[in-house]
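Enquirer: Residue numbers (UniProt numbering): 1 to 225.
First, the structure itself, so that you have it in front of you.
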């Protein structure tokens with residue numbers, strides 16, 4: 001995808017933002033700021049701002065709306081480049097965590113893939129702090145259609161054959177809780193799923209993998225071309 005095409009997609013995205021979210025002054029100001037000040041070195045900062053912009057991208061990723069994702073090609077490409085900059089981790093093997101609520105249907109699908117690979121078709125936010133992750137796991141949730149999940153992820157920081165990830169404390173727009181962000185399309189192997197009754201959550205043990213098996217391959221290829 002050449003520079004001219006990316007510029008066109010950027011303008012198309014701005015038009016979508018104005019049409020769907022240009023109904024108040026705050027949103028209009030944000031869209032104007034995006035149009036006039038965005039630069040590649042601040043891609044992660046723009047993504048982590050908690051605005052409708054992040055919401056649109058995450059919805060497009062969840063629904064696999066490739067027409068809309070192509071319009072985000074400038075941001076996806078720039079975030080990929082920023083995430084390639086290696087962080088200085090203290091150890092070659094690091095352990096990261098992510099807490100979240102998951103529907104029973106999603107959790108059942110996850111359990112069916114133990115000892116298999118799963119592709120994260122979104123940017124995956126994790127933390128170095130297990131306690132912080134537990135706060136997001138919703139252990140006090142009373143909705144019977146959802147379950148509390150804590151992902152425990154082992155990562156070999158020296159491996160080269162996978163999508164990039166990075167400690168983004170210095171790039172994020174919000175106060176970071178030792179956040180490490182994985183590029184969308186990252187692959188993980190599910191090793192085990194077990195219940196921790198004391199913490200009232202399900203523990204899902206993963207390792208980051210370099211396996212190539214994700215539906216976003218064509219999107220990455222089109223952005224690079």
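In this text, a Cβ means the ideal position worked out from N, Cα and C, and glycines have one as well.
For clarity, every value in this text was computed on a predicted model and none was experimentally measured.
(1) Pop quiz: residue 13 and residue 72 are said to be a contact at Cβ under 8 Å. What is the actual Cβ separation, rounded to whole angstroms?
(2) Report yes or no: is there a C-beta of chain D within less than 8 Å of the C-beta of residue 139?
(3) Apart from the five residues just before and just after residue 138, which ones in its own chain have a Cβ nearer than 6 Å to its Cβ?
(4) Since residue 188 and residue 120 should fall inside the 8 Å C-beta cutoff, what is the C-beta to C-beta distance between them, to a whole number of angstroms?
(5) Work out the CA separation of residue 21 and residue 93 for me, nearest whole Å.
(6) Check the DSSP bridge columns for residue 197 and list the partner residues they point to.
(7) Per the DSSP calculation, residue 167 is bridged to which residue(s)?
(8) Under 8 Å by Cβ, that's how I've got residue 180 and residue 126 pegged, so tell me the actual separation to the nearest angstrom.
(9) To which residues of the same chain is residue 155 closer than 8 Å at the C-beta, ignoring the five residues directly before and after it?
(10) Cα separation between residue 171 and residue 159?
(11) DSSP puts residue 112 in a beta bridge; with which residues?
(12) For residue 10 and residue 74, what's the separation of their Cα atoms in angstroms?
(13) Under a three-way DSSP split, which group does residue 189 fall into?
(14) Taking only the alpha-carbon atoms, compute the straight-line gap between residue 37 and residue 196 and give it to the nearest angstrom.
(15) Would residue 136 and residue 185 qualify as a contact pair, given that the criterion is a beta-carbon distance under 8 Å?
(16) Would you call the CB atoms of residue 169 and residue 182 closer than 8 Å?
(17) Of all the beta strand (DSSP E) runs that stay within the bounds of the region 78-148, which reach a length of 3 or more residues?
(18) Apart from the five residues on each side of it in sequence, which residues of its chain come closer than 8 Å, Cβ to Cβ, to residue 91?
(19) Could you name the residues of the same chain whose beta carbon sits closer than 8 Å to that of residue 59, not counting the 5 residues immediately before and after it, in chain order?
Expert: Checking against the coordinates, here is how it stands:
(1) Here the question's residue 13 lines up with position 13 in the chain shown. Here the question's residue 72 lines up with position 72 in the chain shown. So it is a contact: roughly 7 Å between Cβ atoms.
(2) No chain D appears in this structure, which consists of one protein chain only.
(3) For this step, residue 138 is matched to residue 138 along the chain shown. Counting only Cβ-Cβ distances below 6 Å, and skipping sequence neighbours, we find 101, 148.
(4) Here the question's residue 188 lines up with position 188 in the chain shown. Here the question's residue 120 lines up with position 120 in the chain shown. The pair is a contact, with the Cβ atoms about 7 Å apart (cut-off 8 Å).
(5) Translated into positions along the chain shown, residue 93 becomes position 93. Translated into positions along the chain shown, residue 21 becomes position 21. Using only the alpha carbons, I get a separation of about 43 Å.
(6) The count along the chain shown starts at 1 and reaches residue 197 at position 197. DSSP, once it has assigned bridges, lists no residue as partnering residue 197.
(7) The residue you call residue 167 lines up with position 167 of the chain shown. According to DSSP, which records beta bridges pairwise, residue 167 is partnered with 180.
(8) Here the question's residue 180 lines up with position 180 in the chain shown. Here the question's residue 126 lines up with position 126 in the chain shown. The pair is a contact, with the Cβ atoms about 5 Å apart (cut-off 8 Å).
(9) Position 155 of the chain shown holds residue 155. Excluding sequence neighbours, residue 155 sits near 93, 94, 95, 96, 165, 207, 208.
(10) On the chain shown, position 171 is the one that residue 171 refers to. On the chain shown, position 159 is the one that residue 159 refers to. Taking the straight line joining both Cα atoms gives about 23 Å.
(11) The count along the chain shown starts at 1 and reaches residue 112 at position 112. Bridge partners of residue 112: none, in fact.
(12) If you number the chain shown from 1, residue 10 lands on position 10. If you number the chain shown from 1, residue 74 lands on position 74. Whole-angstrom Cα-Cα distance: 7 Å.
(13) In the chain shown, counting from the first residue as 1, residue 189 sits at position 189. Looking at residue 189 - three-state DSSP - the assignment turns out to be strand.
(14) What you label residue 37 is simply residue 37 of the chain shown in a count that begins at 1. What you label residue 196 is simply residue 196 of the chain shown in a count that begins at 1. So the two alpha carbons sit approximately 47 Å from each other.
(15) Here residue 136 corresponds to residue number 136 of the chain shown, with the count starting at 1. Here residue 185 corresponds to residue number 185 of the chain shown, with the count starting at 1. It is not a contact, given that the beta carbons lie outside the stated cut-off.
(16) Indexing the chain shown from 1 puts residue 169 at position 169. Indexing the chain shown from 1 puts residue 182 at position 182. Their beta carbons are not under 8 Å apart, which means residue 169 does not touch residue 182 by this criterion.
(17) 93-103, 117-120, 124-127
(18) Translated into the one-based positions of the chain shown, residue 91 becomes position 91. Excluding sequence neighbours, residue 91 sits near 157.
(19) In the chain shown, the residue the question calls residue 59 occupies position 59. Hits under 8 Å: 65.
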